Each structure stands twice: as C-alpha cells, then as structure tokens.
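All remarks here apply to the structure that follows.
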Amino acid sequence: MPDEPTPLDPGHWAARLSDLAGRHGVPGAQLGILRLSPDGGQETAAVAHGVLDTDTGHPVTPRSAFQIGSVSKVWTATVVMGLVEEGLLALDTPVAEVLPELVPSAGATTAGVTVRHLLTHTSGIDGDLFTDTGRGDDAIERYVAPLADALRVHPLGATFSYCNSGFVLLGRIIERLTGQVWDEAMRDRLFAPLGLERTGTLPEHALLNDPATGHVEGLPDPVRTTQWGLPRAIGPAGGVTADVGDVLAFAALHLRGGTTADGTRLLSRDTVRAMAEPQVGLPDPYTLGDSWGLGWIRYDWDGHRAIGHDGNTIGQSAFLRLLPGEGLAVALLTNGGRTRDLYQDLYREVFEALAGVRVPGALEPPADPPHHDVTPHLGVYEGAAGRLEVLAGADGPVLRSTALGPLAELRPDPVQEHPMAAVAPGVYATRPEDAVTWSPVTFYRLETGQEYAHRNGRALPRVDSPAV
Numbered sequence: 001m002p003d004e005p006t007p008l009d010p011g012h013w014a015a016r017l018s019d020l021a022g023r024h025g026v027p028g029a030q031l032g033i034l035r036l037s038p039d040g041g042q043e044t045a046a047v048a049h050g051v052l053d054t055d056t057g058h059p060v061t062p063r064s065a066f067q068i069g070s071v072s073k074v075w076t077a078t079v080v081m082g083l084v085e086e087g088l089l090a091l092d093t094p095v096a097e098v099l100p101e102l103v104p105s106a107g108a109t110t111a112g113v114t115v116r117h118l119l120t121h122t123s124g125i126d127g128d129l130f131t132d133t134g135r136g137d138d139a140i141e142r143y144v145a146p147l148a149d150a151l152r153v154h155p156l157g158a159t160f161s162y163c164n165s166g167f168v169l170l171g172r173i174i175e176r177l178t179g180q181v182w183d184e185a186m187r188d189r190l191f192a193p194l195g196l197e198r199t200g201t202l203p204e205h206a207l208l209n210d211p212a213t214g215h216v217e218g219l220p221d222p223v224r225t226t227q228w229g230l231p232r233a234i235g236p237a238g239g240v241t242a243d244v245g246d247v248l249a250f251a252a253l254h255l256r257g258g259t260t261a262d263g264t265r266l267l268s269r270d271t272v273r274a275m276a277e278p279q280v281g282l283p284d285p286y287t288l289g290d291s292w293g294l295g296w297i298r299y300d301w302d303g304h305r306a307i308g309h310d311g312n313t314i315g316q317s318a319f320l321r322l323l324p325g326e327g328l329a330v331a332l333l334t335n336g337g338r339t340r341d342l343y344q345d346l347y348r349e350v351f352e353a354l355a356g357v358r359v360p361g362a363l364e365p366p367a368d369p370p371h372h373d374v375t376p377h378l379g380v381y382e383g384a385a386g387r388l389e390v391l392a393g394a395d396g397p398v399l400r401s402t403a404l405g406p407l408a409e410l411r412p413d414p415v416q417e418h419p420m421a422a423v424a425p426g427v428y429a430t431r432p433e434d435a436v437t438w439s440p441v442t443f444y445r446l447e448t449g450q451e452y453a454h455r456n457g458r459a460l461p462r463v464d465s466p467a468v
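In the UniProt record's numbering, the protein residues as written are 1 to 468.
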C-alpha cells in the first residue's frame, strides 16, 4: 500500500509562518495549503501571522484581503481561455482584429501581435507602463489606445520580456467580447462560479474584507506605502484582492481540470492542460521559472513539474505554486519585508514535508566566484520602469539600478548599487546587504545584434550601443 500522506497540521504551519516571517521582517502574512486526493477529497489549512498595518496594529486573520498582484494575470488568462473555448477568438487571433484601434499605422508597436504573444509575454511591447487613466469604467479603454505608439523593447516573438501592458490588452479584449467592464466580467465568469466571498478588483471591495496595507520597508523599522494600490487600468495585470482561501479555490479549479467544487465546468480539461504546457523558454531560468505556459510560470523542481505565479504591488507580495501531480497548492500573501526570502524558506519546508519534493534554492554565486570579463557588458540598459548601469568598480563590477516611471516616486530607494558576483559567462548575481536571496542578471544578444540585460523577467535593451 502507498504511504499515507502527511496530515495537514495548521498549528505547525502557523508556527513556522510566524517564525520565518519574523526572521525576514514581514509585518503580516497568510499561508494557505490545499491538497486534493484522487477520490475527490480535499484538505485545506489557512493560517495567519502579524498585523495588517504597523500603524494600527490590527491583526491579520485568514480572511483578511491582500493584493495578489500579478497572480491576477493567471485569473485574467483563465477568463480569456474561456472565451477561446466559446469560439469568440483563437490563440493566434491578431489583437487588431478585436481591437482595430491598436493599428493606426503600419509601424504600430502592436502590429502583428496575437493573443498568444500577450499570454506568453513575447509581444515586445514595453511591459511596465503604469499610466493612471482614472477611476472610471473606461480606465482600461483609455489605457490601451496609446499602446500602438509605445516603445517596443524587442522584435515580435524574438525573446521573452515580462509584460504588464499586454495583460491590460487582454483585459480590454475581455471587455470588447463580453460587453462588460473587466471587473464585471471577472466577477460573473470566475469569482461567482467559484463561490469566492472575499475577492474583488476595486478598493471598495477590499474595504469590506479587512484589507492589508503595504509596507515598502519591513520590520524592524517599517515604512507604510503612501499609495494603497495600482491604478484601476492595471487591474487585468495585477488588480485582484483576495484572502488566501479564495486564492486556493482558484488553484483548485486548475487542479481539478477545470471544474469547481460543486462540479460546474468552467474550462475543459484540455484547456487547463494547455495552459500549463510550455510555450516559451526564458533567457533567465533562475528568477521566475524555466519556461512559460499560457499565463502560468513553469518550474522544474527536482524532476517534478510545478506551475505558479508571483505578484508584487506597492509593498505587498504574493506567491502561488501548484504541484498538479500531487494535487497540492500553496499560497503565501504578504504585506512587506524580505518576502522572497520568506517564500524560499517556507516553501522549501512545505513541499518537502507534504510531497517529498525539493524546491530548488535560489541562484547563488560559488564560494570562489570565477573571473569572467564583464567589459563586453559595461553600459546602460533601459526600459520604461527601470535603468541598469553596469559599471567597472574599484573592487569589481557594480550594478546600479534606477527605478523610473510613476511608481518610482513611491520607493524610498529608487537608486541602488550592488556588487556583481560572477556565476557563469554572461550571468551575474546581486543582492541587498540585508537579503538572503540573490537576484541574477543575464546578458545576451539577439540575432539582430541587439544586446540585452535580463533582470526580474524583463528584457532591457542596451541603449548606449550602435545596434540600438
């Protein structure tokens, strides 16, 4: 007989969450674990730690609402794939067929872009345009129109670059095909069928559900954000708020092959499977995963295939991972601190204990870093939301990163400099002094000759090169 699975012990995981969150300066967090059994049974544990706001000291409960940030993208993708099943569009439908206003001229950035390009972050549209177009129901419509003239950071389909703007386009496609604003379509096509009670897309929804406040600096000296959430127009890319139980209910839809807890089918099993299949490999396989599906990030964990997504808003971070082969999903919602370090430590324990699966550690430079000539990479790389400068420091190469755009004003440290440690040819790693987890930067060149630095999922073109 196969070994019985380790029972979920909420008390144990509450203690581990509190211990590790305290170690990494996280003011408040929720951890949720869901396990489905082959006979249709379900086990769930949801635990909480800390405070929603360091000013008020109001405690986090398992039913408090957090911003899930870019985890919202998989929710938007799920609704888009439902429209594909209805025959209202196809993955390779040109976006301009649905939104003809996007191609006012032959040279438009959006020319030739398909639904698949948007779902897989391969459109080349600059992905970090956080334009605030107001609070009206036309916010997404007003955001989308100027994208035809936005910067193209790479040729269509030539590489991967994380693209928030592309998911706003998908939200507009949902609006055009359903006749509803994105918020209403998400409610009617996903939230309500799943029975989600604490999920919404607008601040007034969150206010009813004990919302968390983001902190741009964690404990012991927390700094609260001065802006609660992202502009309304960014909703399809990062605007969902939910408690950890509702996030797990969404995950269960995919673990069950497209059906809700009561057996209602929202997606076909084939569509759910297709969303998790590989579409594009990543130039940097260390930060977000090794490849991308139709909305999902894909991870190779010690020979086991996991899928998931992360989310970061203003002072809040979310992490969702599914291990379909084990019927297991884990969600972590946080409101500041060294959240990536918390994720690494906590998920390593959870998946080892409950599935016997080793979550790989983050990329680290070797104890005795090799010498690689950084000279070919010295220069400036830039996108709408950030600039990287690779400098020759007195003690070795240095990476200076400068946040740009409207969100840069909300950061206490928009300019940072960190030494670069060599990992492999063209691959370096940096980290803040108080962090545990390293952040890689990968340098590469397209067939066109254009040079790129890939960091945090973004392909940043070199802007001081003759190839630009």
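No residue lacks a Cβ here, since even glycine has one placed at the ideal position from N, Cα and C. This one's a predicted model, so the numbers in the text were calculated from it and none came from an experiment.
Counting along the chain, no alpha helix (DSSP H) covers L320; the unbroken beta strand (DSSP E) around it starts and ends at 317 to 323. At a cut-off of 4 residues, the continuous stretches assigned as alpha helix (DSSP H) that sit fully inside the segment 258 to 332 are 269 to 276. In the DSSP assignment, R445 falls within the beta strand (DSSP E) that extends over 439 to 445. Counting C-beta pairs closer than 8 Å gives three or more between the segment 212 to 224 and the segment 27 to 42, which meets the contact rule. Put simply, of V181, D138, I174, S72 the residue whose alpha carbon is nearest the alpha carbon of A242 is S72. Within the segment 192 to 252, complete beta strand (DSSP E) segments of at least 3 residues are found at 215 to 217, given in chain order. Distance from the CA of E382 to the CA of V463, rounded to the nearest whole angstrom, comes to 7 Å. Boundaries of the alpha helix (DSSP H) harbouring S72: 72 to 85, taken from the DSSP string. Close CB contacts of A206 within its chain, under the 7 Å cut and outside five residues either way in sequence, are with A65, G200, T241 (chain order). With fewer than 16 other CB atoms across the displayed protein chains lying within 10 angstroms of its CB, R135 is exposed. If you look at A14, you'll find it in the alpha helix (DSSP H) that goes 10 to 23. In the DSSP annotation of this structure, the continuous segment of the beta strand (DSSP E) that includes H49 starts and ends at 42 to 50. Runs of alpha helix (DSSP H) with 4 or more residues, each lying fully within the segment 339 to 398, are found at 339 to 355, listed in chain order.
L266 is the residue among L266, T259, L378 whose C-alpha sits nearest the C-alpha of E86. Taking a contact as a CB-CB distance under 8 Å, the pair P283 and A46 does not count as one, their CB atoms being some 36 Å apart. By the Cβ neighbour-count rule, G238 is buried, with 16 or more other Cβ atoms within 10 Å of its own. Between P203 and G229, the C-beta gap is smaller than 8 Å, which places the two residues in contact. For E175, the enclosing alpha helix (DSSP H) has its first and last residue at 164 to 178.
In this structure, V441 and L399 form a Cβ contact; the two beta carbons are roughly 6 Å apart against a cut-off of 8 Å. Less than 8 Å separates the beta-carbon of R305 from that of G325. Look at R411 here: in three-state DSSP terms it is coil, with no helix or strand label.
Annotation for E141: the continuous alpha helix (DSSP H) segment containing it runs 139 to 144. Judged by DSSP in its simplified three-state form, A148 adopts helix.
Of all C-beta pairs linking the segment 293 to 305 to the segment 347 to 362, three or more are shorter than 8 Å, placing the two stretches in contact.
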